[in-house]
Amino acid sequence: MMWQIPFSFNMGEAMINSTDDRIAFIYYDGKEDFKISYRKVNEIGRKIAGFLKEKFRNSQNIVALISDPSPNLLFAHIGVYLSGNISMPISPILGDELIRKRIEKAGPKLILCNKENIDRIRSLCDFSDIYTLDELVDEKIKFASEVQTEKTYPETPAMILFTSGSEKEPKGVIHGHKILIARSYIFKYMLQEINGLIWDVADWGWMAGMFYGPFPAMYLKKPFLIYRMRKFDPHEAIFVMKKFGVKIIFMPPTALRIIQNEVGSGNLNFKIDSLLTAGEYVGETLFHWIRDFFGVYPTEFYSQTEAGPIISNSPKLFPPKPSSMGKKIPGVAVKLVDENAIEIKKPGEIGDILVSISSPISMLGYFGEELKTDFGWFKTGDTAYFDDEGYFFYKGRRDKVIKTSGYRISPEEIEDVILKYANIESVVIPKADQTRQFILEILVKEEKNEKIGDIIRKYIGPHIKFNVRKVDEFPKTSTGKTKR
């Protein structure tokens, strides 16, 4: 598989370069559903672009987008790209401290959020240019012109997505407009054929929520569903799939384990074509349960915010191997290297996963930071090995980042928040969990303090599952460093 990267390219234009009455997406609010055409998306997207051009007079301004998935959020994304500006998606499920840090670090010129979060966002930052998405669409663009697309190139910055690094501060991953081409082609390659409605259950504050469903769907002109449950409910998820006849769905492994635990055995009694999953280890037991319950083998793949998808275990391409990550995706330059940075050629040897920074799937760099590479290769921080058939198997992280429910969490960031708001020293370590693979275990020397739970939920977010445990001493290595 090889993709063609044109000389000039704008992802907003590519998503709406159709002005007919075909259905772009269905929006379901939990009670009613609404069908939105490409003509409507084009009209509103271009008006938002016109408003932004009049407001800024130039391009490459950062616009923070803080909202649950909704039509107005999608329109805002498209308007930002059409006008040559840069989106900064932030999930509203993040806690106050994480949102504040992202806003402070990137310094957006405009913040657009859903009405449920407007007062909260205003309380977090000294910032005047904050509108609700409803206000933007219903009032601000009323007299704006439907402008032509700003000329951009594949390498022109289009999006900043923050992800937890190994230190206390989040890292802003910058992607160019080319990311839509690369991820859409890989999306199509893994599935081979796309017929029917697509639903991605993930939040749009993360790469998984945008690029494993709605964005490739618009690029490929395939219909998709916008619906985000406030809290993942396995019975509701199955109801929605059946109600709308979803044929292709993305669910992270944690969501699948919740369905497995609460719904159990049996089957869906409804035919889907493909189930995509990523972000965590699936494992053999869940792999076979998915086949029995959904009637399809999972299309599992390995990806990061910085680059991806990189490796895929797609049943449409070759026999899937349970517990493996799959094989290299054609057109993606990836390799394993040993501790001396020498490429591993022998099956069974564990090494670091590296991706070529020049690949269309790769980021442009980190916001405000120098990108460190090994002679043009980005080190993912993950380790793996491959067998004699070319299947890769995941081993773990090189750094201190903990993956829980598909989220990358910096333990030092958690420790810093607990110290700042509770004045309690702590050590955060991973703890094995049957549903989420890992949860956070927060070690403290004092008696359990109820404030810690409230602080985590408010400043880090309610999506993080944790346990607080009192210890006499924090775990240390032989050299006196914290042992995680």
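Residue numbers (my numbering): 31 to 514. Ideal Cβ positions, reconstructed from N, Cα and C, are used throughout, including at glycine.
Residue i: first and last residue of the uninterrupted alpha helix (DSSP H) it sits in
i	result
Ile129	126-136
Glu84	68-86
His107	101-112
Ala462	Looking at the DSSP string, Ala462 is not in any alpha helix (DSSP H); the run it does join, the beta strand (DSSP E), is 456-463.
Val270	264-274
Asn154	Here residue 154 is Leu; the residue named in the question, Asn, does not match the sequence. Where Leu154 is concerned, the enclosing alpha helix (DSSP H) stretches over 148-154.
Phe245	244-250
Ile485	480-485
Ala238	237-241
DSSP three-state assignment for residue i, whether helix, strand or coil
i	result
Ile518	The displayed coordinates of the chain run from 31 to 514. Any statement about residue 518 would go beyond what the structure contains.
Lys511	Its pLDDT being 45, under 50, Lys511 is placed unreliably in this model, and the value from its coordinates should be taken loosely. Here Lys511 sits in coil by DSSP.
Asp164	helix
Gln290	helix
Thr49	coil
Leu401	coil
Asp230	strand
Phe348	coil
Ala44	helix
Ile453	Residue 453 is actually Asn in this sequence, not Ile. Here Asn453 sits in coil by DSSP.
Leu384	strand
Lys119	The displayed chain sequence assigns Pro, not Lys, to residue 119. Pro119: strand per DSSP, three-state reduction.
Asn343	strand
Glu330	strand
Phe423	strand
Ile141	strand
Arg499	strand
Gly356	strand
Pro505	coil
Lys365	strand
Lys218	helix
Whole-number beta carbon distance between residue j and residue i, since they are thought to touch under 8 Å
i	j	result
Glu310	Gln467	5 Å
Met189	Ser117	5 Å
Ile391	Arg260	Their Cβ separation, rounded to whole angstroms, is 32 Å, which puts Ile391 and Arg260 out of contact at 8 Å.
Ile383	Ala414	6 Å
Val385	Val364	5 Å
Ile490	Gly125	4 Å
Distance between residue j and residue i (C-alpha atoms, nearest Å)
i	j	result
Asp404	Pro187	23 Å
Ser113	Val231	28 Å
Ala54	Met248	7 Å
Phe173	Lys251	29 Å
Phe317	Pro350	10 Å
Lys208	Ser89	18 Å
Glu480	Pro492	15 Å
Met355	Asn343	6 Å
Phe300	Ser435	26 Å
Gly75	Ile160	19 Å
Tyr421	Lys357	5 Å
Ala238	Ser353	21 Å
Val93	Gly395	18 Å
Phe274	Gly226	10 Å
Phe416	Ile133	40 Å
Met518	Phe217	This structure leaves residue 518 out entirely; the chain is present only between 31 and 514.
Ser440	Glu223	38 Å
Ser121	Gly381	33 Å
Met393	Glu477	44 Å
Ile278	Val326	11 Å
Cβ shell of residue i (< 7 Å), same chain only, five flanking positions each side left out
i	result
Ser333	Ala308, Pro339, Ile340
Ala79	Gly109, Leu112, Ser113, Val177
Lys272	Phe300
Glu84	Ala174
Asp59	none
Proximal residues to residue i (C-beta, below 6 Å), its chain only, five neighbours per side dropped
i	result
Met240	Trp234
Phe64	Tyr57
Ile289	Pro264
Glu336	Val203, Met393
Phe331	Ala308, Pro339, Ser342
Asp418	Pro377
Extent of the continuous beta strand (DSSP E) run through residue i
i	result
Arg438	437-439
His205	200-206
Ser194	187-194
Gly411	407-416
Ala308	Where Ala308 is concerned, there is no enclosing beta strand (DSSP E), given that its DSSP letter is neither H nor E.
Ile432	432-434
Leu473	467-474
Ile256	254-256
Neighbourhood of residue i by C-beta, 8 Å cutoff - its chain only, sequence neighbours within 5 removed
i	result
Glu292	Pro264, His265
Ile485	Val447, Ile448, Tyr451, Ala452
Ser456	Ile444, Glu445, Ile448, Leu449, Ile472, Leu473, Val474, Ile482
8 Å Cβ cutoff, residue i in contact with chain D
i	result
Asn370	Chain labels in this structure do not include chain D; a single protein chain is all it has.
Near the ligand NAD: residue i beta-carbon under 7 Å from a heavy atom
i	result
Arg287	Absence of the ligand NAD from the depicted structure is noted, as is the absence of any ligand whatsoever, leaving it without description.
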